[in-house]
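Quick notes on the structure that follows.
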Amino acid sequence: MNLLKDKTLAIIGGGPSGLTLARLLQLKGANVKVYERDFNKNARVQGTILDLHFESGLKAIESAGLTNTFKDNYSPGADRARVVDENATLYYDKLNQESTGDFGDEWFRPEIERFALRKILLDSLQPDTVVWDSHIVSLENNTNAWKIFFENGSTATADIIIGADGANSKIRPFVTPIKPFYSGVTFLQCDVYSSEKKKIHDLLKDGKIMGYGDSRMLTIVTKNDGHLLFGASWKEDINWSKDRGIDFKDNKQVLEWFKKEYSNWDPIWHELFECEKYEFKPRPLYCMPLDQYWEAQSNITLLGDAAHLMPPFAGEGVNMAMLDALELSENLTNGEFTSLKSAIANYEKQMFARFAEIGKITMNNTEWMHSPDGLKKILLLIQSKTKNTTA
Ligand SMILES: Cc1cc2nc3c(=O)[nH]c(=O)nc-3n(C[C@H](O)[C@H](O)[C@H](O)COP(=O)(O)OP(=O)(O)OC[C@H]3O[C@@H](n4cnc5c(N)ncnc54)[C@H](O)[C@@H]3O)c2cc1C
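Going left to right, the sequence shown walks through residues 22 to 412 as my numbering numbers them.
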């Protein structure tokens with residue numbers, strides 16, 4: 022039974038989950054629009070490099086027929102990490118190792134910049150699929166269709182709404198009242214430009230640094246254009262960024278805070294803050310309840326962070342988001358369901374079960390990575406994965 026015949030689908034949000042779903046549904050002939058708040062396709066997509074996993078992100082790319090395009094656009098070698106302690110003493114060095122895998126290997130996790138991932142997904146869509154500058158503010162459920170309201174005063178209609186609008190989803194309240202909880206960890210992210218002369222580059226060597234010490238973390242990656250992106254994370258009060266009176270536009274103030282909070286860390290890290298051009302973003306990290314559940318509806322659902330926001334410490338967010346897209350598209354188009362509600366219910370059942378498991382691992386990681394044993398445990402985890410790769 023073709024559940025999507027004569028139906029219009031509105032995907033809200035053009036992030037990895039929404040665009041992957043649009044591509045997969047278009048391959049099955051569905052009538053899809055993506056409403057995205059960014060002004061156009063060239064809008065800067067910020068954030069870390071993402072590694073895609075064999076059983077989720079890469080599986081969705083393969084089903085979308087985009088593996089070869091992905092191979093042309095990923096960042097080879099960006100997965101080479103160095104694990105250090107607070108004194109920058111090296112404990113694990115993947116930089117000096119031969120490649121431990123290739124496409125098709127279960128443990129091969131190629132990294133791609135967010136902008137590049139968005140571009141390959143966008144380029145795979147039919148012309149005019151994405152309606153840019155469409156910041157959704159609300160929905161109205163009329164008898165036969167949804168009415169969508171945009172910030173700029175315009176409206177649109179659709180039979181089915183897919184909320185793929187990320188952490189602060191405007192669509193989620195139409196599906197469930199369940200709210201995220203604070204994970205206990207805050208993340209301070211910073212893009213560091215004009216950093217070429219920094220000593221930190223000798224340590225980075227165009228790869229990635231993961232620092233663990235004194236119950237705190239520091240990760241640094243090199244982006245394709247050469248600038249650095251770092252994130253400091255530590256256990257903190259939820260209102261830290263508001264209550265401490267730090268002006269995040271002033272790197273000197275942020276450095277003073279770092280010297281106190283990361284007081285046992287070597288001064289080598291201070292140069293990350295001594296830059297000419299920088300952009301600090303504090304983020305308290307949230308997680309959806311691991312046992313969340315809601316009754317399925319026949320014309321609306323959620324995917325990606327809108328469905329199951331979690332902290333980034335298992336590197337699963339984007340992978341789960343893209344696997345959601347794959348599983349939802351399969352449930353909607355495989356002909357096995359007699360109603361939209363049963364197809365959506367089956368997708369949500371799979372998604373709840375997956376998130377209960379992955380969310381638990383993520384929250385465990387969040388805890389131990391910010392505990393006194395963080396370094397010891399990350400080395401044990403790497404050791405166990407290396408054994409699996411060579412087994
Ligand atoms: C600091 C940090 C580091 C991370 N590191 C990793 C990592 O290493 N590996 C990993 O797998 N995951 C990581 N994640 C998580 C990952 O970024 C997300 O899980 C993933 O991007 C989710 O994809 P999505 O499509 O669901 O949502 P998003 O990527 O958030 O995309 C949502 C889209 O919706 C649009 N939008 C939002 N609101 C509206 C609106 N009202 N109207 C219209 N459009 C709207 C946004 O502009 C955006 O394009 C990290 C997250 C953070 C915060």
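The beta-carbon is built from N, C-alpha and C at its ideal position, and this holds for glycine as well. Because the structure is a prediction, the values reported are computed rather than measured.
Given Leu40 as reference, the closest of Ile379, Phe358, Ala342, Leu396 once Cα atoms are compared: One-based indexing of the sequence shown puts residue 40 at position 19. It is Ala342 whose Cα lies nearest to the Cα of Leu40.
| For ligand 1, any of its heavy atoms closer than 6 Å to the Cβ of Ala342? | Taking the first residue of the sequence shown as 1, we reach residue 342 at position 321. Answer for Ala342: yes, Cβ within range of ligand 1.
Practice problem: Please say whether Leu209 and Pro303 have beta carbons closer to each other than 7 Å? | Solution: Here the question's residue 303 lines up with position 282 in the sequence shown. Here the question's residue 209 lines up with position 188 in the sequence shown. Against a cut-off of 7 Å, the Cβ pair of Leu209 and Pro303 comes out as a contact.
Item to complete: Can you have a look at Ala412 and say buried or exposed, based on whether 16 or more other CB atoms are within 10 angstroms of its CB?
Response: As a first step, residue 412 is located in the sequence shown; it is residue number 391 there, counting from the start. Bear in mind that a pLDDT of 38 at Ala412, under 50, signals an unreliable position, so the number given afterwards is only what the model happens to contain. The residue is exposed, with fewer than 16 neighbouring Cβ atoms inside 10 Å.
- Beta-bridge pairing of Asp212 - partner residues as DSSP gives them: Here the question's residue 212 lines up with position 191 in the sequence shown. Leu250, Glu300.
(Q) Pull the bridge partners of Arg237 from the DSSP assignment, please. (A) By one-based count along the sequence shown, residue 237 stands at place 216. Note: Arg237 sits in a beta bridge opposite Gly234, Trp255.
*For ligand 2, is there a heavy atom less than 6 Å away from the beta-carbon of Arg58?*
With respect to ligand 2, the structure offers nothing, as its ligand set consists of ligand 1.
Count Cβ pairs between the stretch 372-387 and the stretch 219-227 that sit closer than 8 Å; are there 3 or more? no
Q) Name the DSSP bridge partner or partners of Val275? A) Numbered from its first residue, the sequence shown carries residue 275 at position 254. According to DSSP, Val275 bridges with nothing at all.
Would you check if the distance between the CB atom of Ala317 and the CB atom of Lys381 is smaller than 7 Å? Numbered from its first residue, the sequence shown carries residue 317 at position 296. Numbered from its first residue, the sequence shown carries residue 381 at position 360. No, the Cβ-Cβ distance between Ala317 and Lys381 is not below 7 Å.
* To do: Measure the C-alpha to C-alpha separation of Gln67 and Arg139 and round it to an integer number of angstroms.
  => Taking the first residue of the sequence shown as position 1, residue 67 is located at position 46. Taking the first residue of the sequence shown as position 1, residue 139 is located at position 118. Answer to the nearest angstrom: the Cα atoms are 11 Å apart.
_Quick check on DSSP: helix, strand or coil for Ala374?_
For this step, residue 374 is matched to residue 353 along the sequence shown. Of the three classes helix, strand and coil, the one that applies to Ala374 here is helix, per DSSP.
**Study point:** Nearest-angstrom Cα separation, counted from Phe301 out to Trp255
**Key:** As a first step, residue 255 must be located in the sequence shown, where it is residue number 234. As a first step, residue 301 must be located in the sequence shown, where it is residue number 280. Approximately 16 Å between the Cα atoms of the pair.
Bridge partners of Ser159, per DSSP? Position 138 of the sequence shown, counting from 1, holds the residue named residue 159. Beta-bridge pairing links Ser159 to Phe170.
Discussion item. My output table needs one value for Val339: the three-state DSSP class, helix, strand or coil.
Written reply: The residue labelled residue 339 in the question sits at position 318 within the sequence shown. Three-state DSSP puts Val339 in a helix.
*Which class does Leu111 belong to by DSSP, given the choice of helix, strand or coil?*
Along the sequence shown, one-based indexing puts residue 111 at 90. Leu111 falls in the strand class under three-state DSSP.
Count the other C-beta atoms from every protein chain shown that fall within 10 angstroms of the C-beta of Val158, then say buried if there are 16 or more, exposed otherwise.
Looking up residue 158 in the sequence shown gives position 137. Val158 should be labelled exposed.
Tell me, to the nearest whole angstrom, how far the beta carbon of Leu79 is from that of Leu73; I am working on the premise that it is less than 8 Å.
On the sequence shown, residue 79 is found 58 positions in, with the first residue counted as 1. On the sequence shown, residue 73 is found 52 positions in, with the first residue counted as 1. About 5 Å; that satisfies the 8 Å criterion.
Would you say His291 touches ligand 1, meaning its beta carbon is less than 6 Å from a heavy atom? The residue labelled residue 291 in the question sits at position 270 within the sequence shown. Because no heavy atom of ligand 1 lies under 6 Å away, the Cβ of His291 does not count as near it: no.
Q. At what residue ranges does the stretch 340-404 contain a whole run of the alpha helix (DSSP H), taking only runs of 4 or more?
A. 361-390
In angstroms with no decimal places, state the Cα-to-Cα distance between Asn165 and Ile182.
In the sequence shown, the residue the question calls residue 165 occupies position 144. In the sequence shown, the residue the question calls residue 182 occupies position 161. When rounded, the distance between both Cα atoms is 12 Å.
Measuring only the C-alpha atoms, how far is Phe279 from Ile32?
Here residue 279 corresponds to residue number 258 of the sequence shown, with the count starting at 1. Here residue 32 corresponds to residue number 11 of the sequence shown, with the count starting at 1. Distance between the alpha carbons of Phe279 and Ile32 is about 41 Å.
Q) Can we count Pro333 as close to ligand 1, meaning its CB is less than 6 Å from some heavy atom? A) By 1-based counting over the sequence shown, the position of residue 333 is 312. Yes, ligand 1 has a heavy atom inside 6 Å of this Cβ.
Point to revise | Proximal residues to Gly338 (C-beta, below 7 Å), its chain only, five neighbours per side dropped | key: As a working mapping, residue 338 is identified with position 317 in the sequence shown. Result list for Gly338: Asp326, Met331, in chain order.
Query raised in the report: What separation, rounded to the nearest whole angstrom, lies between the Cα atoms of Gly234 and Thr150?
Result: Position 213 of the sequence shown holds residue 234. Position 129 of the sequence shown holds residue 150. Using only the alpha carbons, I get a separation of about 47 Å.
Checklist entry - Quick one: what does DSSP say Ser84 is sitting in, helix, strand or coil? => result Taking the sequence shown and counting its residues from 1, the one referred to as residue 84 is at position 63. Looking at Ser84 - three-state DSSP - the assignment turns out to be helix.
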